[in-house]
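Everything on this sheet refers to the single structure shown next.
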Amino acid sequence: MSAFPNPSAVQTKSVPTWRQQDAKPFVQIEQITKQFGQFTAVNSVSLDIYRNELFCLLGGSGSGKSTLLRMLAGFEEPTSGRILIDGVDMTGIPPWERPVNMMFQSYALFPHLSVEANVAFGLKREGIKSPEVNKRVAEILNMVQLGHLAKRKPHMLSGGQRQRVALARALVKRPKLLLLDEPLGALDKKLREETQFELMRLQDELGITFVVVTHDQEEAMTLATRIGVMNNGEIVQTAEPHEVYEYPKSRFVAEFIGNVNLFDGTVVEDERDSVSIQSPDLDALLQVDHGISCAPNQEVSVAIRPEKIYISREPVDIEVNGATGIISDVAYMGSQSVFKVRLASGKELRITQPNVSREMGSRLTWEDKVYLSWDADSCVVLMS
Amino acid sequence: MKQGNSLTLKFMSGAGFVFLYAPIIAMIVYSFNDSKLVTVWGGWSLKWYAELFRNEQIMSAAWVSLKIAFISATLASVLGTVAGFVLSRMRKFVGKAMLTGWVTAPLVMPEVITGLSLLLLFVSLENMFGWPAGRGVMTIVIAHTTFCLAYVAVVVQSRLASLDETLEEAAMDLGAKPASLFFLITLPLIAPAIISGWLLSFTLSLDDLVIASFVSGPGNSTLPMVIFSKVRLGVTPEVNALATLMIVAVSIAVIAAIVILHRQSRYNDVNK
Chain A
21 MSAFPNPSAV QTKSVPTWRQ QDAKPFVQIE QITKQFGQFT AVNSVSLDIY RNELFCLLGG
81 SGSGKSTLLR MLAGFEEPTS GRILIDGVDM TGIPPWERPV NMMFQSYALF PHLSVEANVA
141 FGLKREGIKS PEVNKRVAEI LNMVQLGHLA KRKPHMLSGG QRQRVALARA LVKRPKLLLL
201 DEPLGALDKK LREETQFELM RLQDELGITF VVVTHDQEEA MTLATRIGVM NNGEIVQTAE
261 PHEVYEYPKS RFVAEFIGNV NLFDGTVVED ERDSVSIQSP DLDALLQVDH GISCAPNQEV
321 SVAIRPEKIY ISREPVDIEV NGATGIISDV AYMGSQSVFK VRLASGKELR ITQPNVSREM
381 GSRLTWEDKV YLSWDADSCV VLMS
Chain B
15 MKQGNSLTLK FMSGAGFVFL YAPIIAMIVY SFNDSKLVTV WGGWSLKWYA ELFRNEQIMS
75 AAWVSLKIAF ISATLASVLG TVAGFVLSRM RKFVGKAMLT GWVTAPLVMP EVITGLSLLL
135 LFVSLENMFG WPAGRGVMTI VIAHTTFCLA YVAVVVQSRL ASLDETLEEA AMDLGAKPAS
195 LFFLITLPLI APAIISGWLL SFTLSLDDLV IASFVSGPGN STLPMVIFSK VRLGVTPEVN
255 ALATLMIVAV SIAVIAAIVI LHRQSRYNDV NK
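Protein sequences appear in the order of chains A and B.
My numbering numbers the first residue of the first sequence as 21 and each following residue consecutively.
My numbering numbers the first residue of the second sequence as 15 and each following residue consecutively.
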């Protein structure tokens, strides 16, 4: 139960399927739209999910992520478009015939059945003989460390135990695709972290494809092989976690995932390998050195993550990609400190610094005049 | 101030309970009266209970009543469950509110009207189709089923409304087809509501005098009808004894219904 796989190690074993050109997707979502009356919950979403992925649908409430999950499970029929699982068109196939199991946010344990009977429910529906059922139920309950509670009713279990029963019940049928709706939502922080690693271990061990719905970006970052960020019923970006964080495609993604400093500005110079942008919030020019195609005078936003800004009391070169300001707020968070720095233009920037030294004396504090600078490759230019 | 309030409250509720239950307690006490005169206390005795069990008219009426109550409660439970399902599960449609109103109308309909309209229905049915031939146990059962159905429907509907729908989705997701979903998940979860609906119907049917008087035929008097006709000739201690037994039976049924519903709601909170 202890040896957690290192997620980065798992990913670097070979080239992930979703980066291969000719890989065959396991779940194909084709132009799915779902309308409830006048309201469009999911708007023309297309998405490919590959075998053995742990795909996270990330979005706020009302973004359509849960509706999309319910369409995969078969509880909602799409208004238009279709879903293929393992090459089979799921249109019109009822939930009880789909090779999919779901773990519900509320766990949805049957209150009148024991833990054992809850887990056995799905196997019995398949018509599996009882010795085989008993064997598989015992196996899976041991795997989630609940063997000793098999005879209990759900109301006699703690929240964490119920969650593991729900997981066991969904896994015992060995589905091709496991859907998880906010699986860690109801757990406290410590249990969440444990379960996160537990899920990754199970995923690695059982080779099931997972689709997880969550509103928690941290959860998505830790768990996912890829993240699909949803907003207003559309997928605004699908990418690996580090890519979503470092190369957000839009202001929405940049602001939704982590913290970010945004500058609005206009392109003043567009050269072969760098772009200069003038922002009314900054005296210096913003210079971005990775390839982007834009035209002079185009309105863009530039995003810089708080941990990518250097902060110091000593003067540094701030002709481009820099600024001076006054520290207006400091939050000490143990491993790091968060500074708010007010620029001459009145704009406030957020900067995080690891607390490398234990000493308090030399630390930056309120009302200090500081020099800020960042590297040209830390900036992300956002067109939308 | 707070103390004074709670004292007033205790007094008020005490007065209320006395007002409600003093007559019943008096009747129960007098059912153990040794004297032949209803209003004169002559010491403790069980002789009116013995007398009661020897009275064939009362015993056969009691048997008829129990039989009717059992059958109509059972029929009402089945039909009421179906009605409750329709009311809570049908998508919104034009006239749903009206349908809900129709199902629950018998709850507030004056019994005289229910009884009279049913009588008219039975008579005209007999004239047109020859069925039901005459009035008796069958017509009382139909009448009682009709108004008990409304009670069961309301209880089942409210239980279904509070039932977590994801439980049914989870069952479908695990491979349960609609039939096994209903019998393995939905029915066990709403069973307490159905049972308490049955118990309520049973007591309502057992208590009913007005409707039964309209739709019963000769030789098929229910227990309340016999008591009522006996009381018109003067109250006898025997009737006190009978009424006491009925109160005991009804109380047990009602308390059982409440306990079952309460226990259910407590352990169903598990997924909330």
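Cβ atoms here follow ideal geometry from the backbone N, Cα and C, with glycine treated the same way.
- Under DSSP, A343 (chain A) forms a beta bridge with A:L392.
- Pairing L104 (chain A) with L92 (chain A), the inter-Cα distance amounts to about 9 Å.
- Taken in chain order, the complete beta strand (DSSP E) segments of 3 or more residues contained in the segment 303-339 of chain A are 306-308, 319-324, 329-332.
- Under a 10 Å Cβ-count criterion, D293 (chain A) is classified as exposed, with fewer than 16 other Cβ atoms of the shown protein chains found around its own Cβ.
- Chain-ordered, the chain A residues with CB closer than 7 Å to the CB of K191 (chain B) read W116.
- Taking 9 Å as the threshold, the shortest C-beta distance from M186 (chain B) to chain A falls below it.
- Rounded to whole angstroms, the separation of the alpha carbons of M123 (chain A) and A119 (chain B) is 42 Å.
- Looking at the backbone, the Cα of M104 (chain B) and that of D208 (chain A) are separated by about 38 Å.
- Comparing alpha-carbon positions, the option among B:I85, B:T153, B:S172, B:D222 lying closest to S230 (chain B) turns out to be B:T153.
- With its beta carbon at least 9 Å from every one in chain A, E70 (chain B) lies outside the interface.
- Taking CB atoms only, L134 (chain B) has no neighbour in chain A less than 9 Å away.
- Between P268 (chain A) and T234 (chain A), the gap from beta carbon to beta carbon reaches 9 Å or more.
- Under the 9 Å criterion on CB atoms, L275 (chain B) is classed as non-interfacial with respect to chain A.
- For M220 (chain A), there are no neighbours in chain B by C-beta distance under 9 Å, as the nearest C-beta there is about 23 Å away.
- If you check each beta-carbon in the segment 173-186 of chain A against every beta-carbon of chain B, the ones closer than 7 Å belong to P174, H175.
- For the 9 Å CB-CB criterion, L198 (chain A) and I228 (chain A) form a contact.
- With a contact defined as Cβ atoms closer than 8 Å, I312 (chain A) and V295 (chain A) qualify at about 6 Å.
- In the three-state scheme derived from DSSP, where H, G and I count as helix and E and B as strand, K173 (chain A) is classed as coil.
- By alpha-carbon distance to L392 (chain A), the top candidate from A:P316, A:V108, A:L369, A:L88 is A:L369.
- Taking C-beta atoms as the reference points, V400 (chain A) and V308 (chain A) count as a pair closer than 9 Å.
- Identification of residues in the segment 205-229 of chain B having a C-beta nearer than 7 Å to some C-beta of chain A yields an empty set.
- Between the beta-carbon of A190 (chain B) and that of L198 (chain B) there is about 7 Å, and that keeps the pair under the 8 Å contact cut.
- In the DSSP secondary-structure assignment, C76 (chain A) is bridged to A:V232, A:I247.
- With distances taken between CA atoms, E260 (chain A) lies nearest to A:L78 out of A:V192, A:N121, A:L78, A:T215.
- Going by DSSP, A61 (chain A) is part of the beta strand (DSSP E) stretching over 59-69.
- Taking the Cα positions, G107 (chain A) is about 12 Å away from D68 (chain A).
- Under the three-state reduction of DSSP output, F217 (chain A) falls in the helix class.
- Residue ranges of uninterrupted alpha helix (DSSP H) with 4 or more members, entirely inside the segment 121-181 of chain B and ordered along the chain, are 125-143, 151-176.
- In the DSSP assignment, P202 (chain B) falls within the unbroken alpha helix (DSSP H) covering 201-221.
- Per the Cβ contact rule, the segment 298-305 of chain A is in contact with the segment 336-353 of chain A (3 or more Cβ pairs under 8 Å).
- With fewer than 16 other Cβ atoms from the protein chains shown falling within 10 Å of its own Cβ, A193 (chain B) counts as exposed.
- The shortest CA-to-CA distance from L101 (chain B) to any of B:S86, B:A271, B:A175, B:M41 is the one to B:A175.
- Using a CB distance cut-off of 9 Å, T180 (chain B) counts as an interface residue toward chain A.
- In the three-state scheme derived from DSSP, where H, G and I count as helix and E and B as strand, A43 (chain A) is classed as coil.
- Listed as beta-bridge partners of Y352 (chain A) by DSSP are A:S357.
- Taking L93 (chain B) as the centre and dropping the five residues before and after it, the same chain places the C-beta of L163 closer than 6 Å to its C-beta, in chain order.
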